[in-house]
Amino acid sequence: MRVFNIHRSVLVGIGVYILMLLPFFASAQTEEKDSIKIEEHSISDIQVELDSLISNKYHIEATALADSLIDIANQNYSNTDERIVLLHKRIAEKFADNGYSNIASQYIQRGLAVLRSNPTPNYAFIGDMYIYLAQIFRHHQLSNIAINYYEQALEAYEQAEGKAHYFSLVNVYMTLGTFHYEIENYGTSSSYYTKASDVIAKMDTEYRADMVEILNRIATAQAKTGSFKVAIANLERSVKIALKVFGKNSLQLADQYESLASVYLQKGDYAKVNENATAFVRILVGNIGTNQRRQTYERRIADSFFARYQYHLSHKWYNKLFEDVIISTKDVEELQNLTDWYIQIGEKFERVKQDSIAFLVFDESLKLNQKQFGEDNLKAAEIYHLLSRSKTKLEQFVEAETYTNKAYQIEWELGTEKDSTQIAVQNIDLAGLLLMKGDTLEASILYHNVIDLEKDRQSRWKAIAFNNLTMIKYGNQEYDSAYFYGNSLLEYYQTNYGRDYIKTLGCYLLLGNIVYETGDEETAVEKFYSKPIRLAPKLFLKNNEVSYKANINLSNYYLAVNKEDLSRRYERNAREIQVVIFSEEKNIP
Numbered sequence: 036m037r038v039f040n041i042h043r044s045v046l047v048g049i050g051v052y053i054l055m056l057l058p059f060f061a062s063a064q065t066e067e068k069d070s071i072k073i074e075e076h077s078i079s080d081i082q083v084e085l086d087s088l089i090s091n092k093y094h095i096e097a098t099a100l101a102d103s104l105i106d107i108a109n110q111n112y113s114n115t116d117e118r119i120v121l122l123h124k125r126i127a128e129k130f131a132d133n134g135y136s137n138i139a140s141q142y143i144q145r146g147l148a149v150l151r152s153n154p155t156p157n158y159a160f161i162g163d164m165y166i167y168l169a170q171i172f173r174h175h176q177l178s179n180i181a182i183n184y185y186e187q188a189l190e191a192y193e194q195a196e197g198k199a200h201y202f203s204l205v206n207v208y209m210t211l212g213t214f215h216y217e218i219e220n221y222g223t224s225s226s227y228y229t230k231a232s233d234v235i236a237k238m239d240t241e242y243r244a245d246m247v248e249i250l251n252r253i254a255t256a257q258a259k260t261g262s263f264k265v266a267i268a269n270l271e272r273s274v275k276i277a278l279k280v281f282g283k284n285s286l287q288l289a290d291q292y293e294s295l296a297s298v299y300l301q302k303g304d305y306a307k308v309n310e311n312a313t314a315f316v317r318i319l320v321g322n323i324g325t326n327q328r329r330q331t332y333e334r335r336i337a338d339s340f341f342a343r344y345q346y347h348l349s350h351k352w353y354n355k356l357f358e359d360v361i362i363s364t365k366d367v368e369e370l371q372n373l374t375d376w377y378i379q380i381g382e383k384f385e386r387v388k389q390d391s392i393a394f395l396v397f398d399e400s401l402k403l404n405q406k407q408f409g410e411d412n413l414k415a416a417e418i419y420h421l422l423s424r425s426k427t428k429l430e431q432f433v434e435a436e437t438y439t440n441k442a443y444q445i446e447w448e449l450g451t452e453k454d455s456t457q458i459a460v461q462n463i464d465l466a467g468l469l470l471m472k473g474d475t476l477e478a479s480i481l482y483h484n485v486i487d488l489e490k491d492r493q494s495r496w497k498a499i500a501f502n503n504l505t506m507i508k509y510g511n512q513e514y515d516s517a518y519f520y521g522n523s524l525l526e527y528y529q530t531n532y533g534r535d536y537i538k539t540l541g542c543y544l545l546l547g548n549i550v551y552e553t554g555d556e557e558t559a560v561e562k563f564y565s566k567p568i569r570l571a572p573k574l575f576l577k578n579n580e581v582s583y584k585a586n587i588n589l590s591n592y593y594l595a596v597n598k599e600d601l602s603r604r605y606e607r608n609a610r611e612i613q614v615v616i617f618s619e620e621k622n623i624p
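All the letters of the sequence shown, read from the start, carry residue numbers 36 to 624 under the working numbering.
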C-alpha cells in the first residue's frame with residue numbers, strides 16, 4: 036500500500052497555498068455554489084497531490100491532507116470566516132466527484148457548523164450549502180435524503196433577508212413541488228409551485244424564461260386537484276410570457292398550448308381543447324424534426340375525443356393525422372398499411388353507429404388508394420363494399436346499390452372467371468339492398484337467380500334466398516307461396532343439420548305463423564308450434580318479428596280454448612319483445 040508522509044515543510048507550503056486560494060474561493064462562491072462538477076486547476080503541487088489521492092481511491096490519506104489544509108486555514112482566519120466554509124465546500128466537491136458522497140457531506144456539514152456558529156448567520160449561504168448537500172445525494176440517486184436537505188435549505192432561505200437569494204429559493208420550491216408531484220401528492224405540489232410563483236412576482240419582472248416552466252408546473256398540479264380555473268389562468272400567463280421571451284414559433288410556446296389543451300380536456304371544454312391543440316400542432320409544423328411528436332399527439336388527441344364521444348372532433352384529428360402521414364410517407368407498402376389503418380378507424384366509427392363519419396373515412400381511404408394504385412384495383416373494390424354498407428345503414432339505398440355494383444364490376448374485370456358462388460353472393464347483396472328500398476319484385480327475381488345457381492348444391496346462399504322469399508310472400512299475404520318457400524327452408528336445414536337443429540325448429544315457428552294466417556289455427560299449434568314448445572321454448576323469447584307473431588297467435592289461441600294461464604304467458608312474451616323491437620326501431624339505447 037502506498038504511504039504518504041506529510042512533512043512540516045509541506046504544511047508550510049500548504050499554508051501559503053491556502054492564502055493564495057481563499058480569495059479565489061470567495062470570488063467563485065456565486066459561480067460554483069450549486070455545482071457538483073469541478074474543473075481541475077493545477078495551481079500547486081498540493082492540489083495535484085490531493086486530486087491524485089482521491090482519484091486513486093486513497094480516501095483516508097486524502098482526508099488527512101484535506102484536514103491539514105483546513106487546520107492551517109483555521110490558524111490564519113477566524114472560526115466564522117466564510118472563506119473557511121468555501122474551503123470545506125471545495126474539498127467536498129472533489130470527494131463528491133469521485134463518488135465519496137458520505138465524506139463530501141461531512142465536509143459540507145462542518146462548513147454549515149461554521150456558518151451557524153456566527154452570531155448573525157448568513158441564511159442565504161446556509162441555504163446554498165444545504166442545496167449543494169442535497170445535490171450530492173440526488174446525484175447518487177438518494178432522493179429521500181436529498182429532499183430532507185432541500186427542506187432545510189428552504190427553512191434557511193425563508194429566514195434570509197434581501198432578494199439576492201430569490202432565484203435559489205424559487206429553485207428549492209420548484210424542486211420540492213416536483214418531488215411531491217411525482218409521488219402524486221398534488222395538493223402539496225401545487226402549494227410549493229404557487230410559492231415559487233409568488234417569489235418571482237416580487238422580482239423585477241415576470242417575463243423570464245424560468246417563469247414559463249414554473250407556471251406550467253403550477254397549472255399542471257392545480258389541474259390534478261380539479262382547480263381548472265386557476266390552472267388555466269396560470270397557463271394563459273405562461274403563453275404570454277413564452278410568446279414574448281421565446282417567440283411565436285418556439286417549441287416552448289407550443290408546450291404551453293399542449294398543456295392548455297390537456298387541462299381543457301380534463302375540464303371537458305372540447306372546443307377549447309381543439310383550439311389549443313390546433314395551435315400546438317401549427318407550431319410543430321413550422322419546426323423541423325417534430326414529425327413523430329406531432330403525429331403521436333394527433334393520434335392521442337383523436338383517441339381522447341373518441342373516448343369522450345366527441346366523434347366529429349375525433350374524425351377531424353384522425354383525418355389530420357392521415358393527411359400528415361401521407362405527406363411524410365413515400366414508400367408504397369407504408370401507404371398500403373396506412374390505408375388499412377384508416378379503414379380500421381372507419382370500422383371503429385361504425386361500431387358506435389357513426390355511419391356518416393365512417394362513410395367519410397372510407398371515402399378518404401378510397402381516394403388515397405386510387406391515387407396510388409389506379410381507379411380499379413381489388414383494394415378499391417373492398418372499400419366500395421364498405422361504402423355501400425355505410426350507405427345502407429344510412430338508408431341511402433340507391434347510392435349503396437351503386438357502390439355495390441362498382442365493387443363487383445371491378446372484381447369481375449380483375450378476376451379470371453365468374454364463379455357461380457360469387458354471382459350468388461352478388462345477387463344476395465343486391466337483393467338485400469332492393470328489399471330495403473321496398474322493391475320486393477326485383478329482389479324476388481334475384482333470390483330466384485340464387486336458387487337456380489345453387490340448385491345442385493346445398494349452400495347458405497340458397498337458405499338465405501328461401502328465407503327472404505318466405506318473408507316477402509308472407510308480407511304480401513301470398514300464404515301458399517310463403518308456405519312453399521318456408522317448407523323448402525325447413526327441408527334444407529333438416530337435410531344438412533338435422534331435425535333438432537335450432538334453425539330447423541325456427542322454421543316450425545315461421546310455418547306456424549303462415550298456417551295460422553290461413554285460418555287453420557289448430558294445425559298451426561298442433562303440427563308446427565308444438566315442436567319448438569317442447570324442444571326449444573327459448574325460441575319464443577327471441578326479439579324478432581317471427582317470435583313476436585307466434586306469441587300473439589298462441590296467446591289468442593289459448594284464450595279461445597279457455598287456457599288463460601298459457602294465454603297470459605305468451606301475451607307477456609309478446610309485450611316484452613314488442614318493447615325491444617320498438618326501442619331498436621327508434622334507436623333507443
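Ideal placement from N, C-alpha and C gives every residue a C-beta, glycine not left out.
Nearest candidate by alpha-carbon position, reference residue i, set the options
| i | options | result |
| --- | --- | --- |
| Glu399 | Arg534, Ile378 and Ile486 | Ile378 |
| Ala500 | Lys472, Ala466, Ala571 and Arg272 | Ala466 |
| Asn109 | Leu122, Glu557 and Ser516 | Leu122 |
| Lys365 | Gln407, Thr255 and Arg328 | Gln407 |
| Tyr135 | Leu88, Leu104, Thr155 and Asn311 | Leu88 |
| Asn183 | Ala159, Thr210, Tyr520 and Ser203 | Thr210 |
| Trp447 | Arg607, Phe432, Glu417 and Ala393 | Glu417 |
| Arg343 | Met238, Leu300, Ile486 and Ala254 | Leu300 |
| Ile323 | Leu356, Leu286, Tyr419 and Lys428 | Leu286 |
| Ala660 | Lys490, Thr475 and Lys472 | The displayed coordinates of the chain run from 36 to 624. Any statement about residue 660 would go beyond what the structure contains. |
| Met246 | Val581, Glu271 and Ser152 | Glu271 |
| Val485 | Asn372, Tyr528, Thr213 and Asn502 | Asn502 |
| Glu310 | Glu369, Trp352 and Tyr165 | Trp352 |
| Ser273 | Asn284, Leu288, Gly282 and Phe263 | Leu288 |
| Asp555 | Tyr583, Asn588, Ser582 and Asn578 | Asn588 |
| Leu147 | Ala191, Lys508 and Gln345 | Ala191 |
| Tyr227 | Arg125, Asn153 and Arg252 | Arg252 |
| Asn608 | Ala595, Leu469, Ala585 and Tyr593 | Ala585 |
| Ala268 | Asn284, Thr98 and Leu250 | Leu250 |
| His483 | Ala517, Leu469, Asn462 and Gln512 | Asn462 |
| Gln144 | Asp375, Ala127 and Asn153 | Ala127 |
| Phe130 | Thr439, Glu430, Ile180 and Glu96 | Glu96 |
As assigned by DSSP and simplified to three states, the class of residue i
| i | result |
| --- | --- |
| Val387 | coil |
| Ser152 | coil |
| Asp69 | Reliability fails at Asp69, whose pLDDT of 36 lies under 50, so the model's placement of it is uncertain and the value that follows must be treated cautiously. Asp69 falls in the coil class under three-state DSSP. |
| Val596 | coil |
| Gly409 | coil |
| Arg252 | helix |
| Lys441 | helix |
| Gln345 | coil |
| Gln493 | coil |
| Asp304 | coil |
| Ser79 | Interpretation of Ser79 is limited by its pLDDT of 49, a score under 50 that renders its predicted location unreliable; the figure taken from the coordinates is listed afterwards. Coil, per DSSP. |
| Gly521 | helix |
| Asn322 | coil |
| Ser285 | coil |
| Ala571 | coil |
| Gln431 | coil |
| Ile616 | helix |
| Glu190 | helix |
| Glu513 | coil |
| Glu293 | helix |
| Lys264 | helix |
Closer than 8 Å to chain B by CB, residue i
| i | result |
| --- | --- |
| Leu85 | Considering every chain present, this structure includes no chain B. It has just one protein chain. |
Touch check for the stretch 593 to 603 and the stretch 562 to 574: three-plus C-beta pairs under 8 Å? By the criterion of at least three beta-carbon pairs nearer than 8 Å, the stretch 593 to 603 is not in contact with the stretch 562 to 574.
Should the stretch 212 to 220 be regarded as contacting the stretch 190 to 201, the criterion being three or more beta carbon pairs within less than 8 Å? Verdict: no, contact absent.
Does the contact criterion of 3 or more C-beta pairs under 8 Å hold for the stretch 288 to 300 versus the stretch 250 to 260? Contact between the stretch 288 to 300 and the stretch 250 to 260 is present, because at least three Cβ pairs lie under 8 Å.
Taking three-plus beta-carbon pairs below 8 Å as touching, is the stretch 513 to 530 in contact with the stretch 547 to 560? A contact exists between the stretch 513 to 530 and the stretch 547 to 560.
Which parts of the stretch 96 to 151 are runs of the alpha helix (DSSP H), unbroken and 4 residues or longer, counting only runs that do not cross its ends? Runs of the alpha helix (DSSP H) spanning 4 or more residues and lying entirely within the stretch 96 to 151 occur at 117 to 132 and 136 to 151, in chain order.
Which residue spans inside the stretch 354 to 388 form an unbroken alpha helix (DSSP H) run of at least 4? Positions of the alpha helix (DSSP H) runs, each at least 4 residues long and wholly inside the stretch 354 to 388, are given as 367 to 386 in order along the chain.
Does the count of Cβ pairs from the stretch 419 to 439 and the stretch 387 to 395 closer than 8 Å reach three? With contact defined as three or more Cβ pairs closer than 8 Å, the stretch 419 to 439 and the stretch 387 to 395 are in contact.
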